[in-house]
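The listed protein sequences correspond, in order, to chains A and B.
The first sequence begins at 0 in numbering that gives the first Met the number 0 and counts up by one.
The second sequence begins at 0 in numbering that gives the first Met the number 0 and counts up by one.
For every residue, glycine included, the Cβ atom is placed at its ideal position computed from N, Cα and C.
None of the values given here were measured: they were computed from a predicted structure.
2 protein chains.
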Amino acid sequence: MAMPLRARNRQSAVHHIIDTAMDLFDEHGYQQVTVDQIAAAAGVSPRTFYRYFGSKEGLFTTDPYASTDLAEVGRYLDVHDIPGSFQRLVTLIAERSGPDAGRTGQAWRGMRYVLEEPPVRAAVYAALEEGSRGLADLLRAEGMTATAARVTARAYWFGVYFGSLEQWHLDGRVRPLPDYVTEALAALRASGATG
Amino acid sequence: MAMPLRARNRQSAVHHIIDTAMDLFDEHGYQQVTVDQIAAAAGVSPRTFYRYFGSKEGLFTTDPYASTDLAEVGRYLDVHDIPGSFQRLVTLIAERSGPDAGRTGQAWRGMRYVLEEPPVRAAVYAALEEGSRGLADLLRAEGMTATAARVTARAYWFGVYFGSLEQWHLDGRVRPLPDYVTEALAALRASGATG
DNA sequence: TGTCAGTTTGGCAGTCTCTGCCATATTGAC
DNA sequence: GTCAATATGGCAGAGACTGCCAAACTGACA
């Protein structure tokens, strides 16, 4: 409620367009639906659509509810316990996506297309890279070398974080999400133990 | 030389187009150069360009010399020593890119645009995901769970492998590439030791 | 050498994504 | 109620990409 009126209106418009687009995608398929159709169905001009989302794939990377912003990561990050940090972070996300999830739950509608449509996938990966780079900056600020920070950030952000979300989704979202992170962290630790 | 004539001609055409495109990119910038211009400069029709590369970004993901194919990974993979496997794999790549590198050395010309141009970056990430998925399949075939395989593959492929290449390139390619992998693996091991 | 099937290439028309520009409408403050 | 800031819409156009068909080319075989 601290958000000014303008921003709130914009946000509700964004959500409405996303929902409309997902409806169309579910019915006709991602590639078959044009931006013009989405805009028309949502009652805005195509020009406005592009102002909001930048691109068709922007539908999957723009929603602030669907992605975790970096400030939040910073709050949960302990450089000396990275696995624990990710466990806490994902647990938080899981709570938000619980049974009482409002719009947050809807955000997962798009995951199907992230998995199935290469252009969407590419866009989401580019967005993930943003997060990974931010995390790497945090790690470097704590004394890690450039190489260590880059590699660690990407391994945990792409591997542990996104990998867990993905597998959780593929399994139908029935098992608790934190379990996947636990398993992911164990696998990562086991893989490195031998070398 | 085992390659049939047709395939060899095609490959030399591909290399010629890539070289021509990189020249144009270096001179005018990636976004400023159109596919039509590349095709014209290389002496082929735009239609043929698209048949070869599929897209403008395909210039960076098509060259077989620039990417490591999965069969090769399979040969070097030991599930019980994943860090060692990657160390060996990257050492091989480094040897290929040595001072005597012919076309292979040229392949690195594109890395600049992979780092700087978001569309190129997205395309390369999508291609990396292919490799990661293939690696995950290999790991699952050796008894890993789906989650462990997915997470491990992505952490090493995106993090250790690509992260090392990237940092090596950013540092001017003066230090030996395998050193970066060693450092990356150590960082990964250290990060997980505490959890 | 000449023929012929299979493959590769080029040209064309058209769709879709995305952007710059300017006019119009809406908003929120005073 | 007026005004400046901001959001929206419409338009024109560039560039990426595809389907389609005709022309050129390749390599084998008679």
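Secondary structure of A:G28 (DSSP, three-state): coil. Distance check between A:T33 and each of A:G42, A:A20, A:V43 places A:A20 closest, using alpha-carbon atoms only. Using a CB distance below 9 Å, the part of the stretch 106-117 of chain B facing chain A consists of P117, ordered along the chain. A direct Cα-to-Cα measurement between A:L138 and A:G162 gives close to 21 Å.
If you compare the alpha carbons of A:A189, A:R111, A:A152 with that of A:E165, the shortest gap goes to A:R111. Restricted to the stretch 126-183 of chain A, the alpha helix (DSSP H) segments that are unbroken, complete and at least 4 residues in length are 145-153, 162-169, listed in chain order. Boundaries of the alpha helix (DSSP H) harbouring A:D35: 34-41, taken from the DSSP string. DSSP places A:D22 within a helical segment (H, G or I) once states are collapsed to three. Straight-line measurement puts the Cα of A:E116 at about 32 Å from the Cα of A:A189. Here the alpha carbons of B:F59 and B:E129 stand approximately 14 Å from one another. Counting only the Cα atoms, B:T90 lies some 34 Å from B:Y49. Straight-line spacing of the CA atoms in B:L134 and A:G42 works out to 45 Å. When rounded, the separation of the alpha-carbon atoms in A:R46 and A:R9 is 15 Å. Non-local beta-carbon contacts of A:H15 in its own chain, meaning distances under 7 Å to residues more than five positions away in sequence, involve A41 in chain order. Non-local beta-carbon contacts of A:Q86 in its own chain, meaning distances under 6 Å to residues more than five positions away in sequence, involve V180 in chain order. If you look at B:T61, you'll find it isn't in any alpha helix (DSSP H); DSSP assigns it neither H nor E. A:L114 is classed as exposed because its beta carbon has fewer than 16 other beta carbons within 10 Å across all chains shown. Against chain A, a Cβ distance below 8 Å from B:T146 picks out G162, S163, Q166, Y179, E182, A183, A186.
Shown in chain order are the members of the stretch 118-147 of chain A whose Cβ falls below 8 Å from a Cβ of chain B: R120, A121, A122, Y124, A125, E128, M143, T144, A145, T146, A147.
Distance from the CA atom of B:V150 to the CA atom of A:A186, rounded to whole angstroms, is 8 Å.
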